[in-house]
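Engineer:
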Amino acid sequence: PPTRAAPASFATAHDALRIIEPLPFQTGLDLNSQVYTASFELDTGVTQVEEVIIKIYQMSLYQAVPDVEEDPAQPWELWGMTSGMDEEWAYRQMQTLQGGIVPHVYGFFQVTLPHGEPSVAMIMEKIDCVSYYTIRQRLRSRYDKDEDAVKAVATAVLAADHAVHSCDVATNDDRALARNLLWHRDSLAGTGPSLPVLIDYGFVSRIRSSSQTVAIQRVVVVLRALGFSEALIKAWVKSLSATPHVKKALGVLNDSWVLQLFDIPYDDAEEYPNKARFWT
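FYI, the numbering for the sequence shown is 1 to 280, going by full-length UniProt numbering.
Here you go:
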């Protein structure tokens, strides 16, 4: 169930919104989308406004567009230009997770940008999040041993990714796995479990065998972003394949709960300690 209420402005139909400012590192040439904070309050004189996020799939900023127009018969890689359709599909699949594991989404719209260019945009909840540094400080206050903190982070991250996988959605973008995981302002501030918020599903697919590895990879890069030592991270990765086999009544061998949860073959998990060195 949702743990955050939808923004109040989502309860009303709107004809326009005002862009406030770009998000760092998320606007520029040849990106799949341009991401800004925005508000449905059009009066710039109003200081207290509810901010939302608008993600614009702006074709004019794709550097490949002139080449495609010149020779459309070539087998161009067009997935970046279709990322808006992929993301719309993903958020429909994850509708039950909105307000919890993923942001609330107001919708996808055909829009006209201020300079007159037609485009497609997604409007979604702006997550009230805190930095990785803040989360690291909270982990130090909450756990006496770094090993326990590593396990807590890994469990939270895997639970979030598994919830997404349960909707038959998996990210194929392994370039920003830590940046695309947000910690809500209340994360790890109390004694209960804290699940992160996952964003950016412009490069997705249905679940396939490689999806499980990306989930493990996300844990590794998040632990690095939180400043845990390579020795601790390697120990956690090795623990995935170090758990003794447990034989079921049907004679099927099971490994750790993580391998079972993500249907990861034991042989694949044994390779993770070597692969983890290259995960960024």
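Backbone N, C-alpha and C fix where the C-beta goes; we use that ideal spot for every residue, glycine too.
1. If you run the structure through DSSP and keep just helix, strand and coil, what is residue 317?
2. Our contact map puts Trp183 next to Val130 with C-beta atoms below 8 angstroms; I'd like the distance itself, whole angstroms only.
3. Which full runs of the beta strand (DSSP E) of 3+ residues lie inside the segment 99-158, going along the chain?
4. So for Val221, helix, strand or coil by DSSP?
5. Quick check on Thr196: buried or exposed, where buried means 16 or more other Cβ atoms within 10 Å of its Cβ?
6. Using a 10 Å radius around the Cβ and a threshold of 16 neighbouring Cβ atoms, would you call Ala215 buried or exposed?
7. Give the DSSP-derived three-state secondary structure of Glu51 in the structure shown.
8. Are the CB atoms of Leu97 and His162 within a distance shorter than 7 angstroms?
9. Using CA atoms only, rank isn't needed, just tell me which of Asp15, Ile207 and Ala5 is closest to Gln110.
10. Determine the contact status of Val220 and Trp279, defining contact as a CB-CB distance below 7 angstroms.
11. Roughly how many angstroms lie between the CA atoms of Leu232 and Val52, to the nearest whole one?
12. Quick check on the DSSP output: the alpha helix (DSSP H) that includes Gln95 runs from which residue to which?
13. Measure the beta-carbon distance from Ile20 to Ala8 and round it to whole angstroms, keeping in mind my assumption that it falls under 8 angstroms.
14. State yes or no: is the C-beta of Ala156 within less than 7 angstroms of the C-beta of Ser119?
Structural biologist: Judging by the given coordinates:
1. The displayed coordinates of the chain run from 1 to 280. Any statement about residue 317 would go beyond what the structure contains.
2. Right, the Cβ-Cβ distance comes to about 5 angstroms (below 8 angstroms), so this counts as a contact.
3. Every unbroken stretch of the beta strand (DSSP E) spanning 3 or more residues and falling wholly within the segment 99-158 is given here in chain order: 105-112 and 118-125.
4. Val221: helix per DSSP, three-state reduction.
5. Per the sequence shown, residue 196 should be read as Pro rather than Thr. Classification for Pro196: buried.
6. Answer is buried; the Cβ neighbour count reaches 16.
7. In the three-state DSSP reduction, Glu51 falls in the strand class (E or B).
8. Using a Cβ distance threshold of 7 angstroms, His162 and Leu97 do not count as a contacting pair.
9. Ranking the options by Cα distance to Gln110, first place goes to Asp15.
10. Yes; because the gap between Cβ atoms is below 7 angstroms, this pair is in contact.
11. Rounded to whole angstroms, the gap between the alpha carbons of Leu232 and Val52 is 38 angstroms.
12. Looking at the DSSP string, Gln95 is not in any alpha helix (DSSP H), and its letter there is neither H nor E.
13. With a Cβ gap of about 17 angstroms, Ile20 and Ala8 do not count as contacting.
14. In this structure, Ser119 does not lie closer than 7 angstroms to Ala156 by Cβ.
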